[in-house]
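Visitor:
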Amino acid sequence: MQKQTNYLAHINSVGENYNYPNEDNNWTKLRNSYFPVDNRELWRQPVGEMNLKEMNRMASEKEIKLLKAHFIRLVHPLNSFVVPNKKYIQYQRGYRKSIDSEPELIHYVENYLKQKYPDEMQEMHDLILPIPQNYSSNTIYDIKWWDKRGNNNETILLRTSSNNEWKDIVEKRSENSELKCHQIKNNHNNDKWENKLKGWSGNPELKCHQIISLFLQNEPIKRDDLTNLLRNRTKIKDPSGSISSMMTDAGNAYGKVFVVDKGWLKIVPELDEIMRSLKW
């Protein structure tokens, strides 16, 4: 079975944020007040027969509007967009656990669709009982998207801290229904690493700080020797795994800081100068 690399996200949440008079505006509770929970056996009917879902009370005109709003949010094509599965994407500084919930991205997609389909978006807006949302900006950057987890040769940079490239990609994907973008040859040619290393150097409690500090104090050093030093001098529970996480850009790793050259651990050439200029 082919792995699902993308999934459908909603601009207006299906389960919450309805402009409807209710003490907690909780769709689940509202839904349960309309429909009783049936016995599963009632739905196991012979072929050709069916069981109708009945409401446990009559719905008012306002309640029917809410039910319609819920259904439209669920199925309307302009209320949804495709995002990468979180196993195939990595980004910095987000407020939420997954990119489909990031306010900045939702706001951008919504505005793009309003410009592209103004009448259709207004028609949908009038039916889904939305609550006005406050959107923040500049909350996410350094978005990486790859076709297979850990396959750096296919990594695609959608946005860095110094450009809006990911927004162009969103438009291209909408226009062509296909993502076309250059591959990254060098993941260190942007401002991301300078800011990241400065953050690490300023916080001695971080694993990254402790690893780099011991490396610089004891180089030249081999990986196994650095692992033993970390085990004896720090509280890092898995020093070998932490070092591995600083040797790759895959997944939720710290990023590729070190490489092994003829058995010796060395700093990635693109980061060597800036790393040595900081205080560890």
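196 is the number that full-length UniProt numbering gives to position 196 of the sequence shown; each next residue is one higher, with no gaps.
Virtual Cβ for every residue (Gly too), placed ideally from N, Cα, C.
This structure is a prediction, so every number in the text was calculated from the model and none was measured.
#1: Name the residue from 11, 204 and 218 whose alpha carbon lies nearest to the alpha carbon of residue 106.
#2: Taking Cβ to Cβ, would you say residue 76 is nearer than 9 Å to residue 128?
#3: Does the contact criterion of 3 or more C-beta pairs under 8 Å hold for the segment 233-250 versus the segment 209-220?
#4: Please confirm whether residue 118 and residue 99 have their CB atoms less than 9 Å apart.
#5: Which residues share a DSSP beta bridge with residue 261?
#6: Determine, using beta carbons only, whether residue 282 and residue 206 come nearer to each other than 9 Å.
#7: Here's the rule I'm using: 16 or more other beta-carbon atoms within 10 Å means buried, otherwise exposed. How should residue 64 be labelled?
#8: Find the nearest neighbour of residue 17 within the set 133, 101 and 208, judged by alpha-carbon distance.
#9: I'd like to check one pair, residue 260 with residue 247: are the Cβ atoms closer than 9 Å?
#10: Residue 242 by DSSP, collapsed to three states: which one?
#11: CA-CA distance, residue 7 and residue 15?
#12: Where residue 131 and residue 229 are concerned, what is the direct C-alpha to C-alpha distance, given to the nearest angstrom?
#13: With distances taken Cα to Cα, identify the nearest neighbour of residue 61 among 74, 20 and 90.
#14: What does the alpha-carbon distance come out to for the pair residue 200 and residue 209?
#15: Give the single residue among 238, 218 and 244 whose Cα lies nearest to the Cα of residue 280.
#16: Does DSSP put residue 85 in a helix, in a strand, or in coil?
#17: What is the DSSP secondary structure of residue 222, counted as helix, strand or coil?
#18: Whole angstroms are fine: how far does the CA of residue 13 sit from the CA of residue 126?
#19: Who pairs with residue 10 in a beta bridge, going by DSSP?
#20: Quick one: Cα of residue 263 to Cα of residue 222, how far?
#21: Out of curiosity, what's the CA-to-CA distance linking residue 271 and residue 227?
#22: Between which two residues does the alpha helix (DSSP H) harbouring residue 280 extend?
#23: For residue 9, which residues from the same chain have a beta carbon less than 7 Å from its beta carbon, with the 5 sequence-adjacent residues on both sides left out?
#24: Roughly how many angstroms separate the alpha carbons of residue 254 and residue 103, rounded to a whole number?
#25: So, at 8 Å on beta carbons, what are the nonlocal neighbours of residue 274 in its own chain, with the 5 sequence-adjacent residues on each side left out?
#26: Using a Cβ-Cβ cut-off of 6 Å (strictly less than) and excluding sequence neighbours within five positions of residue 72, which residues of its own chain qualify?
#27: Which word fits residue 153, buried or exposed, when buried means at least 16 other C-beta atoms lie within 10 angstroms of its C-beta?
Guide: So, from the listed chains and residues:
#1: 11
#2: yes
#3: yes
#4: No, they are not a contact pair.
#5: 264
#6: The question about residue 282 has no answer here: the residues shown for the chain are numbered 1 through 280.
#7: exposed
#8: 133
#9: Residue 260 is positioned such that its CB atom lies closer than 9 Å to that of residue 247.
#10: helix
#11: The alpha-carbon of residue 7 is positioned some 17 Å away from that of residue 15.
#12: 55 Å
#13: 20
#14: Cα to Cα, the separation comes out at about 5 Å.
#15: 218
#16: coil
#17: strand
#18: 15 Å
#19: 80
#20: If you take the alpha carbons of residue 263 and residue 222, they lie about 6 Å apart.
#21: Distance between the alpha carbons of residue 271 and residue 227: 21 Å.
#22: Per DSSP, residue 280 belongs to no alpha helix (DSSP H) and is neither H nor E.
#23: 80, 81, 83 and 100
#24: 25 Å
#25: 193, 194 and 197
#26: 127 and 128
#27: Per-residue confidence for residue 153 stands at a pLDDT of 43, beneath the threshold of 50, marking its modelled position as unreliable; the derived number appears in the next sentence. Under this definition residue 153 is an exposed residue.
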